[in-house]
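This report concerns only the one structure given below.
In my numbering, the protein residues as written are 4 to 104.
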């Protein structure tokens with residue numbers, strides 16, 4: 004069984020104790036990111052309730068995640084294409100070993 008780490012974090016003035024498989028430092032960094040995202044929404048003046056700000060911040064963070072995943076897929080596809088291009092340039096005897104390794 005993996006030992007859980009415990010981190011005490013503050014998000015928009017509220018303190019939370021979080022148990023996680025991640026390190027306390029990682030959890031603290033994630034909480035700080037969430038805190039900054041919520042504060043950006045609150046500072047925009049569009050929303051004053053912290054619950055609504057948290058929902059809007061969650062949407063922004065989720066959008067960042069989706070964009071990062073799409074970028075990763077695009078990069079992986081580009082790498083596969085480059086790999087295929089390079090493989091075609093190799094002598095036939097090297098193509099097969101390149102495909103395995």
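Just so you know, even glycine gets a beta-carbon here, dropped at the ideal spot from N, CA and C. The structure presented is a predicted model; accordingly, all values stated were derived computationally and were not measured.
Asked	Found
8 Å Cβ shell around residue 45 - same chain, five flanking residues per side excluded	15, 51, 53, 56
Beta-carbon proximity check, residue 31 vs residue 12, cutoff 8 Å	yes
Candidates 59, 8, 21: closest to residue 39 by CA position	59
Same chain, Cβ closer than 8 Å to residue 8, neighbours up to 5 away in sequence not counted	22, 23, 24, 25, 26, 27, 30
Close beta carbons around residue 37, own chain, < 6 Å, minus the five adjacent residues each side	14
Helix, strand or coil at residue 25 [DSSP, three-state]	coil
Short Cβ contact (8 Å threshold) for residue 90 with residue 98	yes
Residue 72 versus residue 64 - alpha carbon distance	12 Å
Cβ neighbour criterion (16 or more within 10 Å) applied to residue 10	buried
Option nearest residue 19 by Cα separation, candidates 41, 34, 5	34
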